[in-house]
Amino acid sequence: MTTGVLMSLRGRIVAVALAPCLAFAAVAGVAIADRMAQRAEVVQVEDLVGLASRISAFVHEGQRERGGSSLFLASKGTQFKAELVAQRARTDATRQGLA
Numbered sequence: 202m203t204t205g206v207l208m209s210l211r212g213r214i215v216a217v218a219l220a221p222c223l224a225f226a227a228v229a230g231v232a233i234a235d236r237m238a239q240r241a242e243v244v245q246v247e248d249l250v251g252l253a254s255r256i257s258a259f260v261h262e263g264q265r266e267r268g269g270s271s272l273f274l275a276s277k278g279t280q281f282k283a284e285l286v287a288q289r290a291r292t293d294a295t296r297q298g299l300a
């Protein structure tokens, strides 16, 4: 009969010690999951920032091409042809960087 009481006492001690350990493991698991989700969001933001930078460069080159086209048309095709051709090539190269 003493053995049953000792096992019960051992079981109680284990339960008292195990409860905080399980609670800590649960809280740590939630914290790790939150950090992993945060990391995934940071990676996505980094990708979007890179895309925005490439789009900005493409828009800038397009604006430069628009300006060159305006100069070329204003001169009735007598000036700025070489510059316009070179700018179109830069715009096309920048566009390829978006793919």
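Start counting at 1 in the sequence shown, then tack on 201, and there's your number in my numbering. Backbone N, C-alpha and C define an ideal beta-carbon position, used for all residues, glycine too. All values reported here derive from a predicted model rather than from experimental measurement.
Of the candidates A238, L219, E242 and S257, the residue whose Cα lies closest to the Cα of R296 is S257.
Between the region 221–234 and the region 247–266, the count of Cβ pairs shorter than 8 angstroms is below three; the stretches do not touch. Of all alpha-carbon atoms in A227, V246 and G269, the one lying nearest the alpha-carbon of R291 is that of G269. Between F281 and L272, the beta carbon gap of about 5 angstroms places them in contact (Cβ cut-off 8 angstroms).
Counted as a single uninterrupted DSSP element, the alpha helix (DSSP H) harbouring A287 occupies residues K282 to Q297.
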